[in-house]
Structures are given as structure tokens and as C-alpha cells.
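To keep things clear, I will list the structure first and then write my remarks on it.
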Amino acid sequence: MAQTPEANVVFGVFNETSDHESRVALTPDTVTRLRKAGVTCMIEQGAGNAAAYTDEDYAKVGATVCTADDILAKADALGFVDRPSEQMIGRIKPGTWVIGMLSSFTDEDYVAALASAGITAVAIERLPRQLSSAQSMDEMTSQNSVMGYKAVLVAANAYGSFLPMMTTAAGTIRPAKMLILGAGIAGLQAIGTARRLGAVVTAYDVRPASKSEVESLGAKFLDLGIDLSRGQGEGGYARALSAEEQAQQQAAVDRKAAEFDIIITTAKVPGRKPPMLLTKAGVGGLHRGSVIVDCAASELGGNVEGSQIGTQVTDGGVTVIGAPYLASEVSTTASNLLSRNVADVLAHFLVNGRLEVRQGEELDDAMVVAHTHAASNGRDDARSGRIDHPVHPRTDHWHRGHRKSAGDAAHAIDVRCELHPRHRHRRCRHRGRRGQQLALLCVHLPRGDAGNNERRGRLCGHRPHARDVQE
Ligand code: NAD
């Protein structure tokens, strides 16, 4: 995080707790980090309660605990787990910055509403995730990783037997056979978690590169017997399959599904409706007592035909759990990671103590979807209200996945597993004098300089490869 002690930016976070949301976009740890960067934090009363952070915890580290009205009146920037409601947009003063998951790929009207309210909107879902300097801001990775972990626990809980093989005096129980469909961040984390719990894991993803990633975690790659190698789209991410390819894939997945006790689905295509991988016929083929957790379930539909948010049991005795909010169920840690992501996005826009959008800067160009020209710490903008580039909802252009090469594998940090001893050793070395120098450089390099940005990225961004993840 840039050290800009002269900054005088007020950052506010609301209580977003709801039936399915327990996370908070600011935690006490992050308050401390932001204060060092000169940012004053305001948090709505009770906002952290559901994530086990009390108002006293925030007050102790110097945050102002107050009402939503106080925040709306004083904050220059607002951070969200999700995004402000349309009603809330009407209450935000012009010139304020809003940072969150704004659904800007799919909801152009919403982005237009932010722009016409004179808000500078930073859409985290547009982060160019391939940049190593952007990795500490990558909320998709941090939250999907939590989701993949929790999906396995939810499945294990709903399943009427053990995950590992167990030898008891009364006989030997075979391990659960688990299928993970979609082996991105969430899927890889699910594989690692399920393997550690002793399940026999098979996984499938449409991207050809995922085979080696799956196998590097000790799982078997599912051979569907069809060639979908063109399923990899721009920047190494999946593309939406054609109707014909989708039908072929569904038929093949339906056939194979019957071999498994537990199926976890995490497949998504950026900016699109999640692909349906398992039809009702496939679900009908599963044995009584088997469990499906559909992490892609949404109002738009999920990876499993007919899955809904919540738990259903089919006539055939299959438990189908639609579970898009699983990160919220690990609320303490998920909030801490998310809050760090949001704070690092905020810090990226701090230039000489002010919030600033720099045109031509890669992260700014990608993430700022609405901007008031005179935006700087909010207050000036309330007067100007002039909108420079109100919206650029580039639904046709995907910014997240420009990996350096299509074959680039996932990194161990994405699945938050143990490091290979080789890397642990290297990390220890970095904790020595040279390591301290690198850490300092990461923190103190001034922003806005392309050379330094690249250098900061190189220094902060070295991540182990998925093949180094240990079981
Ligand atoms: P995501 O949440 O958009 O998708 C999840 C997975 O679903 C992806 O792996 C995708 O290939 C898969 N999928 C989509 N359609 C499918 C279908 N029809 N059948 C089967 N699987 C399907 O993506 P994500 O998990 O955020 O990331 C995907 C990949 O990008 C990962 O391999 C990750 O390592 C990589 N990534 C790289 C960087 C980087 O280079 N710094 C950053 C983030 C992610």
C-alpha cells in the first residue's frame, strides 16, 4: 500500500448484513493499514458484528463508528462487499467514489445510474487480474477461493457418509467419490480441500490448461470423450460454448455424473449466464443420498438444471444445494481478505494524498466505469458535478483474464494451500535482509510511474505455481 501520510481521504463502509450476507468491506486490520496511508475510516454501527468484528474493535484502531447518514455526509470514498442499492445511490453526494462489485458487465443501467449521480465508480470485477501488481486487489480470487473451500464442507455436511476411507471394527467404509465441475479458483480450492478430507476427487474444466492444474493437485481429470479444446476463450478464460457444444457436454456430463457421490459445480464464463452442465436427467441418474452443491446458482440459473438458492431434495433422494453466497459463511476471514482487496484498490487511486483517475493507467482505464471530471476527495465535485466519461460499460471486452499466455497455469496462492518446501525455503530467505528490502520497496514505491508499477508488481507478485501445491 502506498505510503501517503499527507492524504486526507475519508473512507466509509456501511452495514451490508442481510439474510445471505455476513461480510463487511472494512476490518480493523485494514483500518490500521489505511491509517498509515493517511486515510481516515468511518464504519456504520454494527457493520462488522456478523463477521465477529465489534464496534469497539474498530474504535480501538482509530475508526469512527457512526451512522450511515454521517458516512454519507463526510466520506470521499465508499467501499462495498457488493454494491450500493439504487435507493442508496440517490443518497450519495456527487463526487463520491464508490468501490465494489458493481456487476458492470451485465447491468449497464446500473452503471448509468452511478454516472448520472456524479459518482466515480470503480468496478472491481473489471480488475486486470493478470497483472501481478493487481493481485492484492483481486476480490474474485480471494472470495472464490473461500467459496471453493466452504463448498466442500457444505457437501460433506449434507452427505450421509464419510469423505475419507475408514476402517472400523464393523467393516471398511469406502471413500466418497467427488466430482468438481469447473476447475478455476473455486474449483481448485475445492479439489485441495476435498483431497485433504480424504475424498477421491475427479475434476473437469473446459479449458485445456486445467488438466495439468487438476492433476497437480492429485485429482483425476474427467475425460468426457468429446473435444471441447476450443472452449478456451480470450486471455486463457473459458468462452461460452455454442448450443451444439453445450448439448454434447451436457449429455457427456449427465452420463458420467452417476458414478459420483458428491458433485460440486463452480463453472462460470465472465460476464455471462453460468453454463448449465448437468441436466435434470443427469441429476435423476445420481443415487439416493448423493449431494450436489451448485456454487454458480443464481436468479439467472446455475450449472445444474433447476437448482435454486437453498436446499432441495429431489424425488430420487438427491440433495441439491444452490450456494452462491458461501464466502459469506466464512465471514471473518472472507471479510479480512475482501477488505484488504478493497483497501488496496482505494490506495491505488491515492495520488499525492488525493483520489485521482489517471487516464492511460492500465488499472484505472479498466476499472473506472463512471467518473466525474473534477473528482478529488469528493467535496469539490459536489460543486462541479461535471461528468467526464460517464459510462464505459465494455460488456464486449473482458478485462479480467489477460493471462500472459493461454497455457498459464493457476497459482498455488489461488488455492491457498501449503507451499512446496522449495518455496517455503525461498520465502524464508526473503525474510532476511534482502527480503525486508523487497517488502519495503513493495510498500514505498511511488505510484503513477510505469517503471515502478512494473517493478512493484514483480516484487510483490511472485507466486508459486499450482504444481507446487502440496496435499
Ligand atoms: P471463473 O469464476 O470465471 O470460472 C470458473 C471456471 O469455470 C473456469 O476455470 C472456467 O474455465 C470454467 N468453465 C466455464 N465454462 C465451463 C464449461 N462449459 N465447462 C466446464 N468448465 C467451465 O474463473 P476463475 O476461477 O476466476 O479463473 C479462471 C482461471 O483464470 C483460473 O485458472 C485461474 O488460475 C486463472 N486466473 C489467472 C490469474 C492471473 O493470471 N493472475 C488471475 C486470476 C485467475
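Residue numbers (the working numbering): 2 to 472.
Think of the CB as a built atom: it goes at the ideal place given N, C-alpha and C, for glycine as much as any other residue.
What you are looking at is a predicted structure, and each value in this text was computed from that prediction instead of being measured.
Cut-off 6 Å between Cβ atoms - residues of its own chain near residue i, not counting five sequence neighbours on either side
i, result
"A177", "L164, A200, D262 and I263"
"D295", "T266, G303, N304, V305, S308 and G323"
"T65", "M43"
"S211", "A184"
"A298", "S308, I310, G323 and P325"
"I174", "F163 and M167"
"T312", "I322"
"A69", "F15 and E45"
"M138", "L128, N342, D345 and V346"
"R336", "With the sequence shown as reference, residue 336 is identified as Ser, and Arg is not the correct amino acid for it. R24, V25, T28 and A52."
Proximity to residue i [Cα-Cα], best of the options
i, options, result
"V305", "D70, V202, I293 and V147", "I293"
"A152", "T18, P129, A187 and V270", "A187"
"T280", "Q250, E87 and E17", "Q250"
"G286", "A252, V147 and P275", "A252"
"G354", "T41, I227, R24 and T142", "T41"
"S134", "E362, A191 and C67", "E362"
"D58", "T28, D83 and A74", "T28"
"L132", "D365, T33 and A170", "D365"
"T334", "R127, E140 and M102", "E140"
"G149", "V331, V358 and R359", "V331"
"R130", "S336, G161 and Y238", "Y238"
"V25", "Q360, M368 and S329", "S329"
8 Å Cβ cutoff met for residue i and residue j
i, j, result
"A113", "A348", "no"
"V202", "M166", "no"
"A241", "V270", "yes"
"L79", "V62", "no"
"G193", "L218", "yes"
"A53", "V370", "no"
"T539", "S340", "This structure cannot speak to residue 539, because the chain is shown only from 2 to 472."
"S143", "L278", "no"
"C548", "Q46", "The question about residue 548 has no answer here: the residues shown for the chain are numbered 2 through 472."
"T33", "V358", "no"
"A157", "L182", "no"
"E22", "V82", "yes"
"A367", "L115", "no"
Cβ neighbour criterion (16 or more within 10 Å) applied to residue i
i, result
"S243", "exposed"
"V10", "buried"
"D20", "exposed"
"S86", "exposed"
"Q136", "buried"
"R196", "buried"
"D345", "buried"
"H288", "exposed"
"N342", "buried"
"L301", "exposed"
"D206", "buried"
"G161", "exposed"
"I227", "exposed"
"E17", "buried"
"G49", "buried"
"G101", "buried"
"A248", "exposed"
"A204", "buried"
"A220", "buried"
Residues of its chain near residue i, where Cβ-Cβ distance is below 8 Å and the 5 sequence neighbours each way are ignored
i, result
"A118", "I90, G91, I93 and P95"
"A282", "D255"
"A76", "V11, F12, G13, M43, T97 and G379"
"K257", "L180, L223 and L225"
"V284", "A258, I293, V305, E306, G307, T315, G317, V319 and V321"
Three-state class that DSSP yields for residue i in the structure shown
i, result
"D206", "coil"
"L351", "strand"
"G285", "helix"
"E22", "coil"
"E17", "coil"
"E260", "coil"
"T173", "strand"
"T194", "helix"
"E362", "coil"
"I293", "strand"
"A367", "helix"
"I44", "strand"
"K269", "coil"
"I181", "strand"
"T121", "strand"
Contact test: residue i Cβ vs the ligand MG heavy atom, cutoff 7 Å
i, result
"M141", "Inclusion of the ligand MG in the displayed structure is not the case, the ligand content consisting of the ligand NAD alone."
Contacting residues, own chain, Cβ-Cβ under 7 Å from residue i (five flanking each side not counted)
i, result
"G408", "Because G408 carries a pLDDT of 35, less than 50, the predicted location of this residue cannot be relied on, and no value is offered for it."
"E246", "L229"
"A268", "L182, G183, P275, P276, L278, A297 and N304"
Contact with chain C by residue i, beta-carbon distance below 8 Å
i, result
"Q360", "Absence of chain C from the displayed structure is noted, only one protein chain being present."
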